[in-house]
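Trainee:
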Amino acid sequence: LDHAATCLLGQANDGAPHNAVTDAIKSMQLFNLYCRVQHSPDEVASLHQKLLATPVAPSFAKQNPSFEGCCMGNRKTCICGAPFFS
23 LDHAATCLLG QANDGAPHNA VTDAIKSMQL FNLYCRVQHS PDEVASLHQK LLATPVAPSF
83 AKQNPSFEGC CMGNRKTCIC GAPFFS
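Numbering of the sequence shown is given in the working numbering, commencing with residue 23 and proceeding in unit increments.
1. As a quick exercise: from Ala38, His25, Cys102 and Lys84, pick the residue whose alpha carbon is nearest that of cysteine 92.
2. Could you check what DSSP says for serine 88 in three-state terms: helix, strand or coil?
3. Use the C-beta contact count for leucine 30: other C-beta atoms within 10 angstroms, 16 or more gives buried, fewer gives exposed.
4. What residue from Phe107, Gln71, Leu23 and Phe89 has the CA that sits closest to methionine 50's CA?
5. Whole angstroms are fine: how far does the CA of asparagine 86 sit from the CA of phenylalanine 107?
6. Our contact map puts glutamine 33 next to alanine 42 with C-beta atoms below 8 Å; I'd like the distance itself, whole angstroms only.
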């Protein structure tokens, strides 16, 4: 959600804590953007290309493999040895 909002709406999270209300607002703004462009294949393709061309900011778990002694569950950086089920 943050990646799409940053790329398509110009609303970067800038490290702010997660907030369900702002997530809902961003979701509705993205939905409204989609409703405006859905019948224009060129605009949809342009937005799609913009999403693919913009690097995704690393998540908190990727930046911090463990936090306060707790493993964040990233398979590549797991330190606790807990099994992964997939």
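Where is the CB? At the ideal position from N, CA and C, for every residue including glycine.
Mentor: Looking at the atomic coordinates:
1. As a working mapping, residue 92 is identified with position 70 in the sequence shown. For the options Ala38, His25, Cys102 and Lys84, the alpha carbon positioned closest to that of cysteine 92 is the one of Cys102.
2. As a working note, residue 88 is residue 66 in the sequence shown. Looking at serine 88 - three-state DSSP - the assignment turns out to be strand.
3. Stepping through the sequence shown from its first residue, residue 30 is reached at position 8. Flag for leucine 30 reads buried.
4. In the sequence shown, residue 50 corresponds to position 28, counting from 1. Among Phe107, Gln71, Leu23 and Phe89, the Cα nearest to that of methionine 50 is on Leu23.
5. Here residue 107 corresponds to residue number 85 of the sequence shown, with the count starting at 1. Here residue 86 corresponds to residue number 64 of the sequence shown, with the count starting at 1. Using only the alpha carbons, I get a separation of about 22 Å.
6. Working through the sequence shown from its first residue, we reach residue 33 at position 11. Working through the sequence shown from its first residue, we reach residue 42 at position 20. Incorrect: roughly 16 Å between the Cβ atoms, too far for contact.
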